[in-house]
Amino acid sequence: MLEKQNSEENIELLRAMRYCYNKSKTFYAVRICISIFIPILSISIYLFNRGSTGTSNAGVWFSVIGSMWLLIAYQIEKLESGYIEKGAKIQEKFDINLFNIRWNNVLVGNQISPEDIRDFSSEFKGDEEKLKNWYGGLSSKHFYVNVILAQRSNLMWAISLKRNFSILLFAVSGLYLILTIAFGFFVNMSMQEYIIKILLPSMSILIYGFKTSDELKKQSNKLEALGNSIINKFDTGNLSEINASACREYQDAIFIYNRIRSILIPEWLYWLRQPKDDEKMIQINKRLTERSNLL
Numbered sequence: 139m140l141e142k143q144n145s146e147e148n149i150e151l152l153r154a155m156r157y158c159y160n161k162s163k164t165f166y167a168v169r170i171c172i173s174i175f176i177p178i179l180s181i182s183i184y185l186f187n188r189g190s191t192g193t194s195n196a197g198v199w200f201s202v203i204g205s206m207w208l209l210i211a212y213q214i215e216k217l218e219s220g221y222i223e224k225g226a227k228i229q230e231k232f233d234i235n236l237f238n239i240r241w242n243n244v245l246v247g248n249q250i251s252p253e254d255i256r257d258f259s260s261e262f263k264g265d266e267e268k269l270k271n272w273y274g275g276l277s278s279k280h281f282y283v284n285v286i287l288a289q290r291s292n293l294m295w296a297i298s299l300k301r302n303f304s305i306l307l308f309a310v311s312g313l314y315l316i317l318t319i320a321f322g323f324f325v326n327m328s329m330q331e332y333i334i335k336i337l338l339p340s341m342s343i344l345i346y347g348f349k350t351s352d353e354l355k356k357q358s359n360k361l362e363a364l365g366n367s368i369i370n371k372f373d374t375g376n377l378s379e380i381n382a383s384a385c386r387e388y389q390d391a392i393f394i395y396n397r398i399r400s401i402l403i404p405e406w407l408y409w410l411r412q413p414k415d416d417e418k419m420i421q422i423n424k425r426l427t428e429r430s431n432l433l
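Mapping of the sequence shown onto our numbering: residues 139 to 433, in sequence order.
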C-alpha cells in the first residue's frame, strides 16, 4: 500500500486534489478579504468625516453595501463548495485505490472524470515532493489494519487543524467585536451610528467567524470520537472486526465529516503544523502497527 501511493496515477490524483482545494481557498480568500475591507473602509470614512460640519450618508450606504455583500458572499461560498466537493471526490478516489474498498456511489456520487482530473492535475503549481508518502508508519501484517490506521491519520490530522483554527477564529472575532465597541465609546458614537457604520458592515465577517468556530469545534469532537473508536479496537485486541466493510464505514464518516462538509483551513496553518503532526502520526501508527503484529 505504501509503495502504491507514490505511483504516477495516485500522485496525479493528489495533484488534482490539491489544485481543487487551493482553488476553493482562492475564492475563500477573496470572500474574507472583502468582508474585512468593508467595515475598515466604513470606519475610515467615519473618522475622515468626523470633524465635518455637514451631514454624510456614507454610513447608511455602507450598511446597504454590507447587506448586499452578504448575498454576494453566499454566491462565492457556493463556488468554494463546488471545488471542495471536487477535491473531496478526488481524494476519495485516491483512498479507494489504496484501501481496496468499494466506491460508495450512494453517498459520494459519481466520480470525477479522468479528463477533469488530468486538467486539474496539470494546473497544480505546488511542490510535488510534499505529496509523496501521503500515509506513513504503516507496516502491519494485516492489510486492513494498515487501512484503518491510515483512516485514523486522516481523522487526527484534521482534529489538530480544526481545533487550532476554531480557537483562532473565536479569539479574533471576539477581539474585533470588543475593539469596535471600545472604539465606539472612545469617539462618542451613538448606538445608532455604531450599528449603521460598524456593526452592519461587519456582519458578514462576524457571522463567518463565530459560526465557523462553532462548526469546527463540533466537527473536531465528532472526528475525535471516531478516532477513539479505532483505538478501542486495538485495546480490545479484536482485529477481526477490522475488515473491508468496517473500513468502508469509516471512509463514509471521513467523507461526511472531514471532506464534503469541510471548512477551509488557511494554507499557512496547514503547512505550519505539517512537520510536527506528520511525525506524531507516523510514530503512533508505528506503535499501533507493532501491537497489531503481536495479535
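Using N, Cα and C, we set each Cβ at its ideal position, and we do this for glycine too. Predicted model only: the values in this text are computed from it and were never measured.
Item	Value
Uninterrupted alpha helix (DSSP H) stretches inside the region 308–379 (no shorter than 4 residues)	329–332, 338–374
Burial state of residue 165, where buried means 16 or more other Cβ atoms lie within 10 Å	buried
Boundaries (first-last residue) of the alpha helix (DSSP H) holding residue 162	146–187
CB of residue 426 within 8 Å of CB of residue 348, strictly	no
Cβ separation of residue 434 and residue 401, assumed to be a contact under 8 Å, to the nearest whole Å	Here the chain comprises residues numbered 139 to 433, so residue 434 is not present and cannot be evaluated.
Same chain only: Cβ atoms within 8 Å of residue 186, ignoring 5 sequence neighbours per side	none
Three-way DSSP call (helix, strand, coil) for residue 220 in this model	helix
Integer-rounded CB distance, given that residue 275 should sit under 8 Å from residue 421	7 Å
Residues near residue 215 by beta carbon distance below 7 Å, same chain, minus five either side	169
Endpoints, alpha helix (DSSP H) assigned at residue 390	382–393
Residue 380 versus residue 285: straight-line alpha-carbon distance, rounded	9 Å
Separation of residue 328 from residue 261, as counted between CA atoms	51 Å
Stretch pair the region 390–398 + the region 218–234: three plus CB contacts closer than 8 Å	yes
Length of the line joining the Cα atoms of residue 158 and residue 326	47 Å
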